[in-house]
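Since the structure comes first, as structure tokens, the remarks are kept for the end.
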Amino acid sequence: SIININADNGLGSVITKNQILISDTLNYGKITAVKHGNGRDWWVFCHKAWSDVFYSLLLTPMGVQGPFTQHLGIYRTYDSGGVCFSPDGSKYAYYSPDEDLEIFDFDRCTGLLTSKQFVAINDTAFGVSVAFSPNSKYLYAPSTNYIYQFDVSVPNIAATQTTVASWDSLYSPPPGGPLISFPALFNLSQLAPDGK
176 SIININADNG LGSVITKNQI LISDTLNYGK ITAVKHGNGR DWWVFCHKAW
226 SDVFYSLLLT PMGVQGPFTQ HLGIYRTYDS GGVCFSPDGS KYAYYSPDED
276 LEIFDFDRCT GLLTSKQFVA INDTAFGVSV AFSPNSKYLY APSTNYIYQF
326 DVSVPNIAAT QTTVASWDSL YSPPPGGPLI SFPALFNLSQ LAPDGK
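Just so you know, we're using our numbering here: the sequence shown kicks off at 176 and counts up by one.
Below, the structure is given as structure tokens:
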């Protein structure tokens, strides 16, 4: 849907509604965006389930262009996990518990992913995600019981894997309380707008 936020005395007005841009089976929760190299437009990325296909859309003041497709990386099932771009837009990471971690270089002007690096994570995680550091140098991959760190500024990213946190057996609320206790595990992560 396209909304003109300046219309109707600042209340906004719907210009077009419910226009389907991609009609396909997508991996859920894997839609993310990054600013174009021109500093104005936006690239929106998602992944087709049961394939190696990445879809991208280009949002400009003139409307939406695409979808564009790129066959790259490993064949992914209908998986869970997380994806994200680095704050500087130069890297893209895709992590799922079943198909592990892939890190790509990204060209913000052409919208193309290149130079894939695959990292096998020997873990039995059921909940995973990814987040970059504010300076785009490090990638963090929370994996249920652990948080792994990678230096994405070096040629062999996989060789830099370091465990920076381990689950400390904390439950919330503590066992024995009036409610059901849940383990305070590492699952979802995201770099906040304030860089934390």
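Backbone N, C-alpha and C fix where the C-beta goes; we use that ideal spot for every residue, glycine too. Nothing here was measured: the structure is a model prediction, and the numbers come from that model.
Take the alpha-carbon of G214 and the one of G241: they are about 19 Å apart.
Here the alpha carbons of T244 and S176 stand approximately 22 Å from one another. S364 is positioned such that its CB atom lies no closer than 8 Å to that of Y313.
The segment 337 to 351 and the segment 293 to 311 do not touch, with fewer than three beta-carbon pairs separated by less than 8 Å. With contact defined as three or more Cβ pairs closer than 8 Å, the segment 288 to 298 and the segment 329 to 337 are in contact.
Along the segment 261 to 289, the beta strand (DSSP E) occurs as fully enclosed runs of 3 or more residues at 266 to 271, 275 to 282, listed in sequence order. In this structure, Y250 places its C-beta atom within 8 Å of the C-beta atom of D227.
The C-beta separation of G212 from C284 comes to about 4 Å, placing the pair in contact by the 8 Å criterion.
Residue nearest to N202 within the set H222, W217, W218 is H222 (criterion: CA-CA distance). Here DSSP, grouped into helix, strand and coil, assigns A334 to helix. For H246, the closest C-alpha among the options S261, G256, G257, W225 is that of W225.
Look at D199 here: in three-state DSSP terms it is coil, with no helix or strand label. Distance check between D326 and each of K266, S231, G248 places K266 closest, using alpha-carbon atoms only. Judged by beta-carbon spacing, D254 lies within the 8 Å limit of S271, meaning their Cβ atoms are closer than that value.
Around the C-beta of F357, fewer than 16 other C-beta atoms lie within 10 Å, and the residue is accordingly described as exposed.
When DSSP states are grouped into helix, strand and coil, D183 belongs to the helix group.
Scanning the segment 284 to 319 for uninterrupted beta strand (DSSP E) segments of 3 residues or longer gives 287 to 294, 313 to 318, listed from N- to C-terminal end.
In chain order, W218, S231, L233, F243 place their CB closer than 7 Å to the CB of G286, counting only its own chain and leaving out the 5 sequence neighbours on each side.
C-alpha of T319 to C-alpha of L366: approximately 18 Å in a straight line. Runs of the beta strand (DSSP E) spanning 3 or more residues and lying entirely within the segment 199 to 255 occur at 207 to 210, 217 to 222, 226 to 235, 238 to 251, in chain order.
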